[in-house]
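Working notes, structure below.
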Amino acid sequence: MTSQDGSVRHLGDSVTGDGKGDNEVVSIDFTRVPAVVDRIVLLVTCHTGQSSAEIENPFYRLVDARDGTELLRHDLSLYAASGFVLAVLVRGEHGWQLREIADTVNAQHPVEAVPQVGRYLACAVTHPPASSVVPESLFR
Numbered sequence: 001m002t003s004q005d006g007s008v009r010h011l012g013d014s015v016t017g018d019g020k021g022d023n024e025v026v027s028i029d030f031t032r033v034p035a036v037v038d039r040i041v042l043l044v045t046c047h048t049g050q051s052s053a054e055i056e057n058p059f060y061r062l063v064d065a066r067d068g069t070e071l072l073r074h075d076l077s078l079y080a081a082s083g084f085v086l087a088v089l090v091r092g093e094h095g096w097q098l099r100e101i102a103d104t105v106n107a108q109h110p111v112e113a114v115p116q117v118g119r120y121l122a123c124a125v126t127h128p129p130a131s132s133v134v135p136e137s138l139f140r
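Read in full-length UniProt numbering, the sequence shown has 83 at position 83, and its numbers run on one by one without any break.
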């Protein structure tokens with residue numbers, strides 16, 4: 001699945017967890033995100049309603065696709081929720097800035113999570129360390 005502007009791509013869902021590498025990948029091309037978008041909430045949900053504690057080896061990671069640098073990683077096996085807010089990306093004067101949230105939501109689909117994540121849209125990232133500035137490149 002790809003957003004209409006081509007900035008966000010979901011590369012498929014592995015429901016079995018078989019195979020090498022990441023089971024699900026979502027990539028963001030920040031150069032294609034429309035200028036009116038200044039916040040992006042990153043979240044994961046389990047469409048079956050299982051909690052992450054019921055899934056084998058559940059984790060997320062955010063990776064700079066240019067060089068494979070892992071920006072965030074979190075083990076989800078400790079949480080009894082069907083969804084998890086990873087982070088918020090905020091567009092600032094120096095590019096996109098990353099703020100880790102690491103909070104649970106109860107949702108089987110991202111649309112169900114909207115009322116629960118609205119509070120993160122108001123968040124700001126003030127004077128972030130240089131390492132939290134996300135390059136204007138593909139990010140997965």
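C-beta: ideal position from N, C-alpha, C; glycine also. Computed from a predicted structure; not experimentally measured.
Residue state for Arg32 is assigned as helix, using DSSP reduced to three classes. In this chain, the beta strand (DSSP E) harbouring Gly95 covers Gly95 to Val105. In terms of CA proximity to Thr31, Ser7 leads the group Ser7, Arg39, Thr45 and Leu42. If you draw a straight line from the Cα of Arg91 to the Cα of Val26, it comes to about 19 Å. In the DSSP assignment, Leu121 falls within the alpha helix (DSSP H) that extends over Pro110 to Leu121. Restricting attention to Thr45, Ala35, Leu98 and Ala81, the CA atom closest to the CA of Glu24 is found in Thr45. Taking one beta carbon from each stretch, the stretch 65-85 and the stretch 104-120 have 3 or more pairs nearer than 8 Å; the two touch. One alpha carbon belongs to Ala122, the other to Gln97, and they sit about 14 Å apart.
Around the beta carbon of Val88, 16 or more other beta carbons lie within 10 angstroms, which makes this residue buried.
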